[in-house]
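Quick notes on the structure that follows.
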Amino acid sequence: MAAQPARALRNAGQEWLLSCALHPADAQHAWDTEAFAEIPAGPYWRVVEAPLTRSVEAIHRIGPDRLGPVLGDVYREVAWWLLPPHLADELDDVRPLTVHPAGWVLTCPPVQRSLAGRWWIESPDGSGQLTDPLLLGAAFAPGGRPSRETFG
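Residue numbering for the sequence shown follows my numbering, beginning at 14 and increasing consecutively.
This is how it looks when you write it as C-alpha cells:
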C-alpha cells in the first residue's frame, strides 16, 4: 500500500517537471529513449550547483518538509538544487555554491528512475515546492545548521 502514494507523488512530480520544459513532448521523448531531458531554468525555478557529499549533509540539516527537488550525479559528484526563480544575491557569498543564471539548462533523468548515474535525491512531488535559498545558505554556512530565526 505504501508504494502507491509514493508512485503517485513521483508521477505528479514528473508531470510538474514536464510542465516546466519548453517542449514537454521532447522531454518525454528523451526519457522514453533513455536520454536526459533538457529543461532550462527560468520562469519556474533557478538551479544552484553544489558538491554531492555536502548536499546530502545539507538535505539532512534542512529536513524533508522544507526541501524542493535536488538532482544528484554520482559520477560528477555534483548536486543541483531547484530554488525559487526570483533568486537574487542571497547565495553569492556561500561557498561552494554556484548559482546558475536563468536559461541555464538542467539535463535530468525522469523522476521515476535514475539514468547514467544521475537521480533525484529529493524528487519533485508535483506541488512546485522549492528549497528556500536562506535555508540552503544556512545549511552550507560554517556550522551548517539553519537557526530557528531562519525557519521564521
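Idealized CB from N, CA, C, for every residue including glycine.
Q. Based on Cα-Cα distance, which residue from A129, V69, L35 lies nearest to G116?
A. Nearest C-alpha to G116: L35.
(Q) Counting C-beta neighbours from all protein chains within 10 Å, is the total for E47 16 or more, i.e. buried, or is it exposed? (A) Answer is exposed; the Cβ neighbour count stays below 16.
Q) Rounded to a whole number of angstroms, what is the C-alpha to C-alpha distance between A25 and W133? A) In a straight line, the C-alpha of A25 is about 14 Å away from that of W133.
Q) Among all the DSSP beta bridges, which residues are the ones paired with I72? A) I72 has no beta-bridge partner at all, per DSSP.
Q. If you draw a straight line from the C-alpha of L119 to the C-alpha of G55, how long is it?
A. L119 and G55: Cα-Cα distance of roughly 11 Å.
Q) What does DSSP give as the partner residues of W93 in its beta bridges? A) Residue pairing of W93 in beta bridges, as defined by DSSP: E62, L84.
Q: Tell me where the alpha helix (DSSP H) around L143 begins and ends.
A: Boundaries for L143: no alpha helix (DSSP H) harbours it, and the DSSP string shows neither H nor E there.
Q. Mind checking whether P98 and R59 have CB atoms under 8 Å apart?
A. In this structure, R59 lies closer than 8 Å to P98 by Cβ.
Q. Beta-carbon separation of W29 and G139 under 8 Å?
A. Yes, Cβ-Cβ distance for W29 and G139 is below 8 Å.
(Q) Restricting to Cα atoms, I'd like to know which of R108, L128, H42 is closest to A154. (A) Per the Cα distances, R108.
Q: Pull up the distance between the alpha-carbon of M14 and that of R23, whole angstroms please.
A: Note that M14 scores 41 on pLDDT, short of 50, meaning its location in the model is unreliable; the coordinates nonetheless yield the value given after this. It is roughly 15 Å from the alpha-carbon of M14 to the alpha-carbon of R23.
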